[in-house]
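First residue of the sequence shown: 0, per numbering that gives the first Met the number 0; consecutive thereafter.
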Amino acid sequence: MVQAWDSPAPDENKEHEKSAWQLGQTAIAQTFSTVLQKAWLLPVEQMEPTLDSALPPPSCVNDASVLLEFILRSITSMEEITHMKVFELVVIWADIIAYWDSWEEEEDQGVFNAIKEAVSFHQRFDSSGFFLKMLPSQSANGSQSSVISRVSSFVTRAIAAYPSATWRACSCIHTLLHAPDFSLGAEDTRMTLAVTFGEATFSYFKGVSDSPAGIWKPLLLAISSCYICYPDAIQQVLCKDDGNGYTAWASALAQVSSSSFTPGLSSESEIKLAILTLATVIERLLALSMGGTKVLQDCYISLMESCIHLKDVQEDG
């Protein structure tokens, strides 16, 4: 049903058709909400006090995530959010995926898509910062954490799960660090996420750093996203186990950003991130009195090439 309804919506100028299509989408979303409420919320409400965990079993997590994504995408008002119990469903879903460990490509795609839609929903409707509030978990340990933190736990573990999960997880890192409104008294949460993501991505990168590979690009750009947010903290992460970790990352980033690397930077956002990061790295290397080193020269050359590449992409676009 989701796949059938996901065909292109009517044009905006076809007002009657657009209205009918929206009504249909809302009706389907309500049906999906009812299904998820019975699967997730009802067991929690009926949980016996003696049970260690009120979390529903993580079966069909991909299909359930597809349904939740559709619901989140369909919401147009706060009234619908309340009626469909969207916040309640998101909390349980985030709890489930936080402890997910049965990695399989066909079972994970829907989760990654739902994560990006959840962040979009947060931007549109979560004016109170609900996604960033500390909430009790229904898991056995009963700890408190935010929806964003639970989702980030899934993303962190996905980095090393399998190659396509690495790409998807790194894409989610950019979204989770830069899309939520961390100004709502949760800047510490953002820094914690950046450090956690930085540790996980750099740890995995070190295991594949012997020779250049395509998987370098998502990993190094994800570290760049973390670094742009908190340069000092991420530099400490990179140097924690190896004093040369920072320069090793900078050198690899210069390689990925060069015109000769495959797969090279392709989108405007990737190129802009690389330019911003390389410029910051060059300033840091100069401050560390590394002006004559090869790593600085490589970063400078890649910065110039990336600027030219960005201009070409913008002109073609």
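Ideal Cβ placement from N, Cα and C applies to all residues, glycine included.
Inter-residue Cα distance where the pair is residue i and residue j
{"i": "Ser-256", "j": "Pro-211", "result": "12 Å"}
{"i": "Gly-128", "j": "Val-118", "result": "12 Å"}
{"i": "Glu-186", "j": "Ser-250", "result": "30 Å"}
{"i": "Val-65", "j": "Glu-103", "result": "16 Å"}
{"i": "Ile-233", "j": "Gly-109", "result": "30 Å"}
{"i": "Tyr-98", "j": "Phe-153", "result": "7 Å"}
{"i": "Thr-246", "j": "Cys-298", "result": "10 Å"}
{"i": "Gln-143", "j": "Lys-132", "result": "9 Å"}
{"i": "Ser-138", "j": "Gln-254", "result": "43 Å"}
{"i": "Ser-126", "j": "Ile-96", "result": "24 Å"}
{"i": "Leu-275", "j": "Val-207", "result": "25 Å"}
{"i": "Cys-228", "j": "Leu-176", "result": "8 Å"}
{"i": "Gln-21", "j": "Met-83", "result": "16 Å"}
{"i": "Gly-171", "j": "Glu-14", "result": "It is Cys, not Gly, that sits at residue 171 in the sequence shown. C-alpha separation (whole angstroms): 34 Å."}
{"i": "Gly-290", "j": "Glu-282", "result": "10 Å"}
{"i": "Thr-317", "j": "Ile-147", "result": "In the structure as shown, the chain begins at 0 and stops at 316. Residue 317 is therefore absent and cannot be evaluated."}
{"i": "Ile-300", "j": "Leu-220", "result": "18 Å"}
{"i": "Lys-239", "j": "Asp-231", "result": "12 Å"}
{"i": "Leu-67", "j": "Ala-113", "result": "7 Å"}
{"i": "Arg-189", "j": "Thr-155", "result": "14 Å"}
{"i": "Leu-302", "j": "Val-280", "result": "10 Å"}
{"i": "His-173", "j": "Glu-87", "result": "25 Å"}
{"i": "Asp-209", "j": "Trp-215", "result": "11 Å"}
{"i": "Lys-205", "j": "Gly-242", "result": "14 Å"}
{"i": "Ser-244", "j": "Asp-100", "result": "Reading off the sequence shown, one finds Gly at residue 244, where the question assumed Ser. When rounded, the distance between both Cα atoms is 29 Å."}
{"i": "Leu-309", "j": "Thr-292", "result": "26 Å"}
Buried versus exposed, by CB contacts within 10 Å (16 or more), residue i
{"i": "Arg-149", "result": "buried"}
{"i": "Val-34", "result": "exposed"}
{"i": "Ala-199", "result": "buried"}
{"i": "Ser-259", "result": "exposed"}
{"i": "Arg-123", "result": "exposed"}
{"i": "His-121", "result": "buried"}
{"i": "Pro-48", "result": "In this predicted model, Pro-48 has a pLDDT of only 48, less than 50, meaning its place in the structure is not dependable enough to derive any value."}
{"i": "Ile-307", "result": "exposed"}
{"i": "Ala-28", "result": "buried"}
{"i": "Val-90", "result": "buried"}
{"i": "Tyr-161", "result": "exposed"}
{"i": "Thr-75", "result": "exposed"}
{"i": "Ala-164", "result": "buried"}
{"i": "Thr-81", "result": "exposed"}
{"i": "Leu-50", "result": "Confidence at Leu-50 is low in this model, with a pLDDT of 49, below 50, so its placement is unreliable and the value that follows should be read with caution. It is exposed - the Cβ of Leu-50 has fewer than 16 other Cβ atoms within 10 Å."}
Residue i - DSSP class collapsed to helix/strand/coil
{"i": "Leu-134", "result": "strand"}
{"i": "Ser-76", "result": "coil"}
{"i": "Ser-145", "result": "coil"}
{"i": "Tyr-299", "result": "helix"}
{"i": "Leu-41", "result": "helix"}
{"i": "Leu-50", "result": "Bear in mind that the predicted position of Leu-50 carries a pLDDT of just 49, short of 50, making it unreliable; the figure below should be weighed with that in mind. In the structure shown, Leu-50 sits in coil (DSSP, three-state: anything other than H, G, I, E or B)."}
{"i": "Asp-241", "result": "coil"}
{"i": "Asp-94", "result": "helix"}
{"i": "Trp-99", "result": "coil"}
{"i": "Gly-290", "result": "coil"}
{"i": "Ile-158", "result": "coil"}
{"i": "Cys-59", "result": "coil"}
{"i": "Phe-260", "result": "coil"}
{"i": "Asp-315", "result": "helix"}
{"i": "Leu-115", "result": "A quick correction: the sequence has Lys, not Leu, at residue 115. Here Lys-115 sits in helix by DSSP."}
{"i": "Ser-18", "result": "helix"}
{"i": "Gly-128", "result": "coil"}
{"i": "Ser-170", "result": "helix"}
{"i": "Ser-268", "result": "helix"}
{"i": "Lys-84", "result": "coil"}
{"i": "Lys-13", "result": "coil"}
{"i": "Cys-306", "result": "helix"}
{"i": "Met-0", "result": "coil"}
Sub-7 Å separation of residue i and residue j beta-carbons
{"i": "Pro-217", "j": "Trp-166", "result": "yes"}
{"i": "Arg-72", "j": "Glu-106", "result": "no"}
{"i": "Phe-196", "j": "Leu-237", "result": "no"}
{"i": "Asp-180", "j": "Ser-136", "result": "no"}
{"i": "Ser-223", "j": "Ile-270", "result": "no"}
{"i": "Leu-287", "j": "Leu-295", "result": "no"}
{"i": "Phe-111", "j": "Ile-70", "result": "no"}
{"i": "Leu-264", "j": "Ala-278", "result": "no"}
{"i": "Leu-192", "j": "Ser-145", "result": "no"}
{"i": "Ala-159", "j": "Tyr-226", "result": "no"}
{"i": "Ala-157", "j": "Ala-168", "result": "yes"}
{"i": "Glu-267", "j": "Val-312", "result": "yes"}
{"i": "Gly-213", "j": "Pro-262", "result": "yes"}
beta-carbon residue i near the ligand FMN non-hydrogen atom, thresh 6 Å
{"i": "Gln-108", "result": "This structure does not include the ligand FMN; it has no bound ligands of any sort."}
Residue i at chain B interface by Cβ criterion, 7 Å
{"i": "Val-150", "result": "The structure shown has no chain B; it contains just one protein chain."}
Review point. Which parts of the segment 173-245 are runs of the alpha helix (DSSP H), unbroken and 4 residues or longer, counting only runs that do not cross its ends?
Key: Listed in chain order, they are 186-206, 215-228, 230-238.
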